[in-house]
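This report refers to the structure that appears directly beneath it.
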Amino acid sequence: MSGKYLVTGGAGYVGSVVAQHLIEAGHEVTVLDNLSTGFREGVPAGATFIEGDIRDAGKWLDSSYDAVLHFAAFSQVGESVVKPEKYWDNNVGGTMALLAAMREAGVRKLVFSSTAATYGEPEQTPIVESAPTRPTSPYGASKLAVDHMITGEAAAHGLGA
Numbered sequence: 000m001s002g003k004y005l006v007t008g009g010a011g012y013v014g015s016v017v018a019q020h021l022i023e024a025g026h027e028v029t030v031l032d033n034l035s036t037g038f039r040e041g042v043p044a045g046a047t048f049i050e051g052d053i054r055d056a057g058k059w060l061d062s063s064y065d066a067v068l069h070f071a072a073f074s075q076v077g078e079s080v081v082k083p084e085k086y087w088d089n090n091v092g093g094t095m096a097l098l099a100a101m102r103e104a105g106v107r108k109l110v111f112s113s114t115a116a117t118y119g120e121p122e123q124t125p126i127v128e129s130a131p132t133r134p135t136s137p138y139g140a141s142k143l144a145v146d147h148m149i150t151g152e153a154a155a156h157g158l159g160a
């Protein structure tokens, strides 16, 4: 059974690989990426491409989508220390807008790509999900905030994540 998926950050490495696998499995894929860190050439053939920002996802997201796979994020730890507001605005604010667009469209399934940076300096490796979270950078903190936001969205509005 094929589905229709929105892949945010689908011009970046992880998003483009996931989009390619979805296409190969027979699914319909739309990539939403502002190309701030991704590359248009990275969008797999067969995907519909929208150059845009996740904060504006409501312009394109509708009830025809089965799920959103969310990979869009700024992810440079060093830069996040120098420009933390950029990371809070994009990673947290952008995801908040995306979740609101999903609610409005009635899309209730989300796959989110978090990061080991939410754990900071791990006490042991490999890191287990039950390990304490102590991010050491604004990047890690922003992704942890999104983890909590998604948990809240699932509890309050029935998001399947």
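Numbering-wise, the sequence shown is residues 0 to 160 according to numbering that gives the first Met the number 0.
The C-beta atom is built at its ideal place from N, Cα and C for all residues, glycine as well.
Whether residue i touches residue j by CB criterion (9 angstroms)
i, j, result
"threonine 117", "aspartate 88", "no"
"threonine 132", "phenylalanine 70", "no"
"alanine 72", "valine 42", "no"
"valine 67", "leucine 109", "yes"
"leucine 34", "methionine 101", "no"
"alanine 46", "threonine 29", "yes"
CA nearest to the CA of residue i, picked from the options
i, options, result
"aspartate 32", "Asp52, Gly45, Ala46 and Val106", "Asp52"
"lysine 3", "Gly37, Arg54 and Asp65", "Asp65"
"leucine 98", "Glu78, Glu122 and Met148", "Met148"
"valine 91", "Val17, Tyr138, Leu5 and Glu103", "Tyr138"
"valine 106", "Leu158, Thr124 and Val81", "Leu158"
"valine 80", "His26, Phe111, Met95 and Ala140", "Ala140"
Contact set for residue i: own chain, Cβ-Cβ below 7 angstroms, skip 5 residues either direction
i, result
"isoleucine 126", "Ala115 and Tyr118"
"methionine 95", "Met148"
Nearest-angstrom Cβ-Cβ length linking residue i and residue j, presumed shorter than 8 angstroms
i, j, result
"serine 113", "lysine 142", "5 angstroms"
"serine 62", "glutamate 27", "Wrong, their Cβ atoms sit about 14 angstroms apart, outside the cutoff."
Beta-carbon contacts of residue i that lie in its chain and below 6 angstroms, excluding the five residues immediately before and after
i, result
"threonine 135", "Gly119"
If you scan the segment 18-84 from start to end, which runs of the beta strand (DSSP E) of 3 or more residues do you find wholly inside it?
The qualifying runs are 27-32, 47-50 and 66-69.
Threshold first: 3 residues or longer. Then list the beta strand (DSSP E) segments lying entirely within the segment 73-142, N to C.
As for any beta strand (DSSP E) of minimum length 3 sitting wholly inside the segment 73-142, the runs are 109-111, ordered along the chain.
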